[in-house]
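Number of protein chains: 2
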Amino acid sequence: MTEVEVRPDPADGVPAEDAVARAMIIETVSPLFYARGFTAVGMDELRAVTGVSLKRLYRLFPSKEDIIEEVLHSWRDTWEANLRAQVESTQVPRERLLAVFDFLAAWFISEGFRGCAFINSFGELGGISGRIPAIVRAQKKEFQDYLSRVATRVGAPDTLAPQLAILAEGALTTAAIAGSAEPARQARAAAEILIDAALTRPAPVTMP
Amino acid sequence: MTEVEVRPDPADGVPAEDAVARAMIIETVSPLFYARGFTAVGMDELRAVTGVSLKRLYRLFPSKEDIIEEVLHSWRDTWEANLRAQVESTQVPRERLLAVFDFLAAWFISEGFRGCAFINSFGELGGISGRIPAIVRAQKKEFQDYLSRVATRVGAPDTLAPQLAILAEGALTTAAIAGSAEPARQARAAAEILIDAALTRPAPVTMP
DNA sequence: TAGACTAGAGAACGATCGTTATTCACGCAA
DNA sequence: TTGCGTGAATAACGATCGTTCTCTAGTCTA
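These protein sequence lines are chains A and B, in that order.
Each residue of the first sequence is one higher than the one before, counting from 29 in my numbering.
Each residue of the second sequence is one higher than the one before, counting from 29 in my numbering.
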């Protein structure tokens with residue numbers, strides 16, 4: 029075979045394989061952090077599971093907090109992708125909104141489910157250091173904004189989306205703590221009522 | 029003045045004043061744990077704020093985890109008392125259910141609000157050690173059961189109470205992360221719709 | 001007054017944390 | 001072959017954790 033191996037371009041040094049190493053580390057480390065929390069998993073355990081020496085770990089990430097931030101960002105990306113996929117799997121307006129709760133139901137019964145990683149992170153680190161809570165806040169806002177866009181395109185009043193978001197958050201925490209998938213169904217049933225009420229009844233307008 | 033001081037009964041030793049010391053410690057320590065989390069507050073800080081020496085602290089409580097458990101129990105008690113007071117402040121059935129969200133609204137605007145202590149505890153310690161998550165689970169179950177009793181007495185179908193509980197939990201986490209009291213109002217508005225739907229429409233019965 | 005017991009202040013202990021320095025083995029140009 | 005420099009393994013560092021031990025001052029009983 030011809031020798032056309034992919035080899036690092038000496039011009040730009042090694043940042044290319046650094047990037048793949050970073051991605052691999054985040055991917056390997058995420059489930060550990062999700063299962064046990066950030067403080068419960070030490071740097072030495074990260075070294076063990078990734079097979080990357082501490083020296084290289086600290087060259088790829090300035091500190092543990094940077095790893096945590098990147099893990100949070102990866103969680104945000106996969107959450108957003110999975111949610112969008114479920115919502116956009118149908119074109120029926122009502123079902124697009126209800127898809128959120130079908131997405132939750134499927135997640136709740138998945139192996140190792142332990143609640144919303146962002147809510148857990150807020151509970152663990154919300155009282156100290158401002159950077160992690162800020163990321164959590166941003167993720168929740170993105171979710172609410174996305175829900176608002178979906179609801180608006182369906183013709184629902186502005187009041188509906190926040191209510192559905194609250195239902196979703198409540199189902200998440202309830203399912204996590206109780207260890208049950210039922211809250212997804214209960215929240216979905218409630219969402220149906222709220223959606224019907226919002227779509228049939230006209231949006232409340234301010235009285236002149 | 030006559031010398032009628034209260035003095036410890038030598039018959040039963042000192043457990044009496046031990047009990048008041050324990051209560052004082054829990055009361056003093058609770059806001060610290062709530063604000064910053066359990067792991068972020070060390071034993072030496074507990075000694076500093078309570079003025080109780082480490083030796084006596086460890087004589088009153090076998091370990092830090094026992095202090096945490098007692099703090100969780102005290103949170104459970106005050107939550108239950110405050111919620112009951114708000115619910116039982118009215119006799120109008122519909123308002124008894126909505127009182128939950130008025131209770132939340134008042135709480136959200138209070139100084140130092142940082143979300144549900146139980147949800148935060150679950151996020152912080154849910155991944156390690158089984159005792160704390162068990163207490164959290166029990167508290168949430170008590171809340172749901174209480175809501176079910178209130179809903180049942182109002183004549184609502186069994187489906188309503190879990191939906192309202194999910195709304196309450198969602199409002200809690202959303203308000204905590206966003207730092208806003210608005211979720212309480214939004215959840216209340218949603219609850220009104222769900223309550224009306226449950227009370228006017230007959231309870232769904234299984235088809236023969 | 002003397003002696004036995006107690007409680008408090010704080011040092012000390014072992015463990016573990018995040019982070020850094022040291023050691024050592026190996027690939028490569030001269 | 002001989003230095004040289006890179007990277008992996010790991011020891012070490014300072015800090016902090018929960019917990020225990022030491023030392024000392026004081027109080028109460030006989």
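A virtual CB, placed ideally from N, CA and C, is assigned to each residue, including glycine.
Since this is a predicted model, take the numbers as computed values, not measurements.
If we ignore side chains and look at the alpha-carbon of each, how far apart do residue i and residue j end up?
{"i": "Ile-223 (chain A)", "j": "Arg-64 (chain B)", "result": "38 angstroms"}
{"i": "Ser-138 (chain B)", "j": "Ser-58 (chain B)", "result": "16 angstroms"}
{"i": "Gly-207 (chain A)", "j": "Ala-184 (chain B)", "result": "26 angstroms"}
{"i": "Arg-75 (chain B)", "j": "Thr-228 (chain B)", "result": "57 angstroms"}
{"i": "Ser-264 (chain A)", "j": "Phe-136 (chain B)", "result": "Only positions 29 to 236 of chain A appear in this structure, which leaves residue 264 (chain A) out of reach."}
{"i": "Ala-179 (chain A)", "j": "Ala-226 (chain A)", "result": "10 angstroms"}
{"i": "Pro-190 (chain A)", "j": "Glu-55 (chain A)", "result": "32 angstroms"}
{"i": "Ile-147 (chain A)", "j": "Gln-167 (chain B)", "result": "18 angstroms"}
{"i": "Thr-78 (chain A)", "j": "Glu-97 (chain A)", "result": "18 angstroms"}
{"i": "Ala-39 (chain B)", "j": "Arg-84 (chain B)", "result": "Residue placement at Ala-39 (chain B) is flagged as unreliable, the pLDDT there being 39, under the threshold of 50; the coordinate-derived value follows with that caveat. Whole-angstrom Cα-Cα distance: 21 angstroms."}
{"i": "Thr-118 (chain A)", "j": "Tyr-174 (chain A)", "result": "16 angstroms"}
{"i": "Gly-181 (chain B)", "j": "Gln-172 (chain B)", "result": "Just to set this straight, residue 181 (chain B) is Arg in the shown sequence, not Gly. Each residue's alpha carbon lies about 14 angstroms from the other."}
{"i": "Ala-109 (chain A)", "j": "Ala-68 (chain B)", "result": "34 angstroms"}
{"i": "Asp-105 (chain A)", "j": "Ser-81 (chain B)", "result": "49 angstroms"}
{"i": "Asp-130 (chain A)", "j": "Met-52 (chain B)", "result": "47 angstroms"}
{"i": "Val-72 (chain B)", "j": "Arg-112 (chain B)", "result": "Checking the displayed sequence, the identity of residue 72 (chain B) turns out to be Asp instead of Val. So the alpha carbons of these two residues sit roughly 36 angstroms apart."}
{"i": "Asp-186 (chain A)", "j": "Asp-94 (chain A)", "result": "37 angstroms"}
Does the CB of residue i have a neighbour CB from chain A at under 8 angstroms?
{"i": "Arg-79 (chain B)", "result": "This sequence places Gly at residue 79 (chain B); Arg is not what is there. Gly-79 (chain B) does not count as touching chain A."}
{"i": "Lys-92 (chain B)", "result": "no"}
{"i": "Val-233 (chain B)", "result": "Note that Val-233 (chain B) has pLDDT 47, beneath the 50 cutoff, so the model's placement of it is unreliable and no number is given."}
{"i": "Ser-149 (chain B)", "result": "yes"}
{"i": "Gly-65 (chain B)", "result": "yes"}
{"i": "Ile-194 (chain B)", "result": "yes"}
{"i": "Ala-225 (chain B)", "result": "yes"}
{"i": "Glu-170 (chain B)", "result": "no"}
{"i": "Pro-185 (chain B)", "result": "no"}
{"i": "Glu-197 (chain B)", "result": "yes"}
{"i": "Arg-159 (chain B)", "result": "no"}
{"i": "Glu-152 (chain B)", "result": "yes"}
With a threshold of 7 angstroms, establish whether the CB of residue i neighbours any heavy atom of the ligand MG.
{"i": "Ala-206 (chain A)", "result": "Although the ligand MG was asked about, the structure shown includes no ligands whatsoever."}
So the candidates are the options; which of them puts its Cα closest to the Cα of residue i?
{"i": "Leu-60 (chain A)", "options": "A:Phe-89, A:Asp-94, A:Val-99", "result": "A:Val-99"}
{"i": "Pro-211 (chain A)", "options": "A:Glu-73, A:Val-128, A:Val-48", "result": "A:Val-128"}
{"i": "Val-48 (chain A)", "options": "A:Leu-192, A:Leu-88, A:Asp-94", "result": "A:Leu-88"}
{"i": "Phe-141 (chain B)", "options": "B:Ser-157, B:Leu-195, B:Ser-91, B:Ile-205", "result": "B:Ile-205"}
{"i": "Ile-160 (chain B)", "options": "B:Tyr-62, B:Ser-81, B:His-101", "result": "B:His-101"}
{"i": "Ile-156 (chain B)", "options": "A:Ala-51, A:Ile-53, A:Tyr-62", "result": "A:Tyr-62"}
{"i": "Gly-70 (chain A)", "options": "A:Lys-92, A:Ala-113, A:Arg-50, A:Met-52", "result": "A:Lys-92"}
{"i": "Gly-198 (chain A)", "options": "A:Leu-132, A:Arg-50, A:Ile-53", "result": "A:Leu-132"}
{"i": "Asp-194 (chain A)", "options": "A:Ala-209, A:Ala-218, A:Arg-177", "result": "Per the sequence shown, the amino acid found at residue 194 (chain A) is Ile instead of Asp. Answer by Cα proximity: A:Ala-218."}
{"i": "Glu-170 (chain A)", "options": "B:Leu-192, B:Pro-90, B:Arg-124, B:Thr-202", "result": "B:Thr-202"}
Cβ of residue i less than 8 angstroms from any chain B Cβ?
{"i": "Leu-132 (chain A)", "result": "no"}
{"i": "Thr-180 (chain A)", "result": "no"}
{"i": "Glu-108 (chain A)", "result": "no"}
{"i": "Ala-237 (chain A)", "result": "Chain A is shown from 29 up to 236; residue 237 (chain A) falls before or after that span and cannot be answered."}
{"i": "Ile-96 (chain A)", "result": "no"}
{"i": "Thr-228 (chain A)", "result": "no"}
{"i": "Gly-155 (chain A)", "result": "yes"}
{"i": "Ala-47 (chain A)", "result": "no"}
{"i": "Ala-68 (chain A)", "result": "yes"}
Contact set between the stretch 206-222 of chain B and chain A, restricted to residues whose Cβ is under 7 angstroms from the partner: Ala-206, Pro-211, Gln-214, Ala-215, Ala-217, Ala-218, Ile-221, Leu-222
Chain B contacts from the stretch 114-138 of chain A (Cβ-Cβ distance under 8 angstroms): none
Contact residues within the stretch 49-60 of chain B, judged by C-beta distance below 8 angstroms to chain A: none
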